[in-house]
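Numbering (full-length UniProt numbering), first residue to last: 1 to 69.
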């Protein structure tokens with residue numbers, strides 16, 4: 001069974017150099033071109049929401065509860 005995967009480089013110069021992109025093309029690796037994504041936008045990173053929701057959960061010790069007077 002073959003699972004289709006793609007590479008999403010982070011835009012670091014060493015990951016988006018011409019020699020690396022040429023190598024990925026020669027090996028038929030599917031990747032998101034580093035210039036097609038805006039840099040440093042955490043809102044576009046799916047892990048951003050997962051990580052910070054869990055951090056809030058841990059520090060708040062569970063879901064927030066409304067206290068009535």
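In this text, a Cβ means the ideal position worked out from N, Cα and C, and glycines have one as well.
| Item | Value |
| --- | --- |
| Three-state secondary structure assigned by DSSP to residue 68 | coil |
| Close beta carbons around residue 14, own chain, < 8 Å, minus the five adjacent residues each side | 20 |
| CB contact flag (residue 47, residue 30, <9 Å) | no |
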